[in-house]
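So in my numbering, the last spot in the sequence shown is 474, and the numbers never skip.
All C-beta atoms in this analysis are idealised placements derived from N, C-alpha and C, irrespective of residue type, glycine included.
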Amino acid sequence: MGAVADSEGGGFYLEGTAQDITERKAAEARVQFLAYHDDLTGLPNRVLFEDRLAQARRRQERVAVLWLDLDNFKTINDSLGHSVGNLLLKQVGERLHRHTRAQDTVAKVGGDEFIFALVNPGPLSRAATAVKRIRRVVAHVFEVQGHVLNVTCSIGVSLFPDDGADSETLLKNADLAMYCAKENGRNNCQFFTAELNARVVERLTLENSLRVAVKKQELFLVYQPQLEIASGRISGGEALLRWRHPELGLVAPDRFIPIAENSGLIVPIGEWVLRTACTQARCWQDLGLPPLPIAVNVSAVQLHQGHFLPLIRRVLDETGLAPQYLELELTERVLLSNTGKMLSLMQDLAGMGLPLSIDDFGAGYSSLGYLQDLPICKLKIDRSFMRAMMANPRDATITAAVIGMGHSLNLKVLAEGVETEEQMSFLRAHGCDEIQGFYFSQPLEADAFAEKVRTSWRQPDLPRFARKLLSATAAAPRNHEDVACSSR
Ligand code: C2E
Ligand code: MG
Ligand code: MG
């Protein structure tokens, strides 16, 4: 565009080409929008969120910062596909936005995470009520492409100014509280506290020492015998991991396995467990002990990392253990995630001849229906059933029903956590196949386990009447009597 002199009157006029810039303007606006908003949901992104949070802080307003994470979103994404996952996130975003007050902000960060700034949330009880309302809003059923989805979420909360002076600290603390809410079983809310922080610091310290535990030979395995009720003999054993920490002493697996799983350390540790258990099982067989399957616990993380099948092949090959003597214990949670892939992996493992069992059966996810499609041979009833059974006759009925249903699916049934004669008699009366628990034996070091097997095969553990009958007719196989087995 330029000014041109008018040839007649000495004036000027403007000459140029006109261009429709609506499209360009729209594109610019979109770029501008995306700089501050999430592409998928249209909600503010972290940049805009932090800006609004900073404004509220400058105005000296109290703010509750919430970190919301959808529970099991990955399962939905994996099983129903990304497009359903994305549509669900959109709907969640819309719903959250609709229920947010004008002075508050809800933003989307990460894959399935939303953050909130609730301005002047009032006393703690009112903030807690607001959080509850948000959880209720999410808990209402969603309908996505014909799928009815029930979604829950876990929320962590930090408060300005109590829990941090800047948005980075506030968000970090809300996120940390959210992780603790998840650990407490999901579908939960957790406010940040100093103790929570201390717990996380402890966790990180443990994680760091766990990182070198294998190399420093601080890990070892113990073996808990499993007793076959009908024969009174040990029919197998479960390898259980132990950690002797140089300062803390013996750390229980319930304390360090979750840390190993969250940090991915369970992959090298799990490999060490497999190799050690197989080496030990083969050593016992070489020394003439009756060949028994040894069960190893396998975490979901190990199965999902993709190299599990070749690892099993390699370990069996290296240790020379036949596959029928390596039993793998999987939990129900493993099976519920990523079912298609998991099923084919299980079929491959079973095809190789490994016995598969379901561990902790009934601990929260029970459904016998799906079991019939799985290539498994054993159900291990969770130990909580044993505890409940003695207190409540109704629970005893449920245990009996689980045994019956397991049998109707052609599965062996083992009861875990059997501690008393009373429980044992009940299980015997209801046809349970095997037991594992302090009633028969604590987990033992390798030498003690071998000794226990020898004794058990010489002198089966049967009720008195059956023992008399047996001693009159049978003796244990001779070649198992004089076994000297060294575990190391
Ligand atoms: P689990 O696989 O269900 O193992 C059985 C747990 O019950 C063991 O706890 C065992 O010591 C305990 N137990 C056995 N008999 C009784 C009883 O009569 N009463 C009671 N109250 N408890 C009994 P432990 O060794 O502390 O292991 C806890 C959990 O840690 C295991 O539960 C398993 O889920 C996990 N774990 C242990 N070793 C490994 C491992 O090598 N890899 C993985 N991924 N997880 C492991
Ligand atoms: Mg187990
Ligand atoms: Mg168990």
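- Taking C-beta atoms under 8 Å as the contact rule, residue 239 and residue 251 fail to qualify, at a distance of about 13 Å.
- Residue pairing by DSSP leaves residue 258 without any beta bridge partner.
- Residue pairing by DSSP places residue 9 in no beta bridge whatsoever.
- Looking at the backbone, the Cα of residue 112 and that of residue 247 are separated by about 36 Å.
- The three-state secondary structure of residue 345, taken from DSSP, is strand.
- Taking all protein chains in view, the Cβ of residue 311 is crowded by 16 or more other Cβ atoms within 10 Å, so the residue is classified as buried.
- Among the bridge pairs identified by DSSP, residue 283 is matched with 315.
- As for any alpha helix (DSSP H) of minimum length 4 sitting wholly inside the segment 401 to 447, the runs are 407 to 415, 432 to 444, ordered along the chain.
- With contact defined as three or more Cβ pairs closer than 8 Å, the segment 119 to 136 and the segment 217 to 224 are not in contact.
- With the criterion CB distance below 6 Å from any heavy atom of ligand 2, the matching residues run 224, 283, 315, 345 along the chain.
- With a cutoff of 7 Å, residue 369 counts as near ligand 1, since its C-beta is closer than that to a heavy atom of the ligand.
- Around the beta carbon of residue 262, a 10 Å sphere encloses 16 or more other beta carbons of the protein chains shown; the residue is thus reported as buried.
- Contact between residue 149 and residue 178 is confirmed by a C-beta separation of about 5 Å, below the 8 Å threshold.
- The three-state reading of DSSP puts residue 264 in helix, counting H, G and I together.
- In this structure, the CA atom of residue 28 is about 21 Å from the CA atom of residue 40.
- Of the heavy atoms belonging to ligand 3, none sits nearer than 7 Å to the Cβ of residue 247.
- Residue 366 is bridged by DSSP to 400.
- DSSP links residue 232 through a beta bridge to no other residue.
- Of the candidates 55, 74, 174, 338, the residue whose Cα lies closest to the Cα of residue 63 is 74.
- Per the C-alpha coordinates, the member of 8, 7, 34, 10 positioned closest to residue 20 is 34.
- Pairwise C-beta distances place the segment 111 to 125 out of contact with the segment 4 to 16, as fewer than three of them are shorter than 8 Å.
- The alpha-carbon of residue 409 is positioned some 20 Å away from that of residue 364.
- Taking 8 Å as the upper bound for CB-CB distance, residue 121 and residue 175 are in contact here, some 7 Å apart.
- For the pair residue 223 and residue 152, the Cα-to-Cα distance works out to about 54 Å.
- The closest heavy atom of ligand 1 lies 7 Å or more from the beta carbon of residue 141.
- For residue 56, the enclosing beta strand (DSSP E) stretches over residues 49 to 56.
- Distances from the CA of residue 169 to each of 411, 309, 445, 58 were compared; the closest alpha carbon is that of 58.
- Here residue 219 carries a strand assignment [DSSP, helix/strand/coil].
- Residue environment analysis places residue 446 among the buried positions, since at least 16 neighbouring C-beta atoms fall within 10 angstroms of its C-beta.
- For residue 356, there is no enclosing alpha helix (DSSP H), as DSSP gives it neither H nor E.
- Separation of residue 407 and residue 426 (C-alpha to C-alpha, rounded to the nearest whole angstrom) is 10 Å.
- Under the three-state reduction of DSSP, residue 68 is assigned to helix.
- Sorting 280, 236, 191 by C-alpha distance to the C-alpha of residue 209 places 280 at the top.
- The beta carbons of residue 182 and residue 162 sit closer together than 8 Å.
- In the three-state scheme derived from DSSP, where H, G and I count as helix and E and B as strand, residue 163 is classed as helix.
- Distance from the CA of residue 403 to the CA of residue 155, rounded to the nearest whole angstrom, comes to 44 Å.
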